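Residue numbers (our numbering): 222 to 453. A virtual CB, placed ideally from N, CA and C, is assigned to each residue, including glycine. Please read all numbers here as calculations on a predicted model, not as lab measurements. Worksheet for the structure shown next.
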């Protein structure tokens, strides 16, 4: 349908913007810091669903979202000496990912996930190709080609599986698995790049994860209660 293609187009634009802001920040910030801020996505999705889709959100979840964003402020450190302008890029990436996830939920069930995956991948590849025309080209060595090819495989797989679970799974069950990304980012950032976040960043990340898990727990609990009421 025409509506689904408009939603796919919106999702692709959001994915392109998210990729740009995420990668730009990643080139200039430690991996763990970037990933920690991205953990706010479940909170922003819940808030956006309440504002845009008019989904009911109780005071407990609103309070958790507020506390969670305070955790983000500890990571970003606005106005402090440790503030990094690239943190703003990550926050914009969070906004773009929120739009992407809401768009995914808005697609009709008849649209194959592989179609969405291919359109998204081609859109990002086309945008990146056009952007590369403005930068000087460098020779691609065999090792670099292998890294680029491996990255492409993982990105395509990530697109497909993230789309599949967002469309068919229970969001309250799926979303907590995103937080395992923070553990991987801490481990890989330390092992490969020698980066380890500061105390405030770790505390902020803990607050974001805790409030995100609580928000998803409340959402799941309310769904179970609503299902019991309908059966009665």
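Buried versus exposed, by CB contacts within 10 Å (16 or more), residue i
i           : result
residue 286 : buried
residue 240 : buried
residue 347 : exposed
residue 260 : buried
residue 375 : exposed
residue 422 : buried
residue 414 : exposed
residue 360 : exposed
residue 289 : buried
residue 406 : buried
Inter-residue Cα distance where the pair is residue i and residue j
i           : j           : result
residue 254 : residue 427 : 12 Å
residue 349 : residue 355 : 11 Å
residue 432 : residue 321 : 22 Å
residue 434 : residue 452 : 27 Å
residue 222 : residue 309 : 36 Å
residue 448 : residue 275 : 19 Å
residue 256 : residue 381 : 20 Å
residue 345 : residue 367 : 20 Å
residue 371 : residue 365 : 10 Å
residue 362 : residue 401 : 33 Å
residue 291 : residue 412 : 29 Å
residue 369 : residue 383 : 21 Å
residue 305 : residue 298 : 8 Å
residue 408 : residue 373 : 22 Å
residue 358 : residue 277 : 51 Å
Check whether residue i and residue j have beta carbons under 8 Å apart
i           : j           : result
residue 385 : residue 329 : no
residue 341 : residue 233 : yes
residue 404 : residue 263 : no
residue 311 : residue 229 : no
residue 293 : residue 450 : no
residue 243 : residue 352 : no
residue 295 : residue 425 : yes
residue 273 : residue 323 : yes
Among the options, nearest to residue i - alpha-carbon criterion
i           : options               : result
residue 343 : 225, 411, 331 and 236 : 236
residue 270 : 404, 410, 316 and 310 : 316
residue 399 : 352, 318, 370 and 373 : 318
residue 325 : 412, 224 and 313      : 224
residue 251 : 410, 424, 439 and 425 : 410
residue 339 : 377, 357 and 366      : 377
residue 439 : 336, 227 and 267      : 267
residue 226 : 365, 372, 401 and 337 : 337
Any chain C beta carbon closer than 8 Å to residue i
i           : result
residue 270 : Of the chains in the structure shown, none is chain C; there is only one protein chain.
Residue i Cβ short of 7 Å to the ligand PLP heavy atom set
i           : result
residue 439 : Questions concerning the ligand PLP fall outside what the structure shown contains, since it holds no ligand whatsoever.
Is there contact between the segment 411-421 and the segment 241-249, where contact requires at least three CB pairs shorter than 8 Å? Output reads no: the segment 241-249 does not touch the segment 411-421.
Can you confirm whether the segment 436-449 touches the segment 270-288 when touching is taken to mean that 3 or more C-beta pairs between the two stretches lie within less than 8 Å? The answer is yes - the segment 436-449 touches the segment 270-288, with three or more Cβ pairs under 8 Å.
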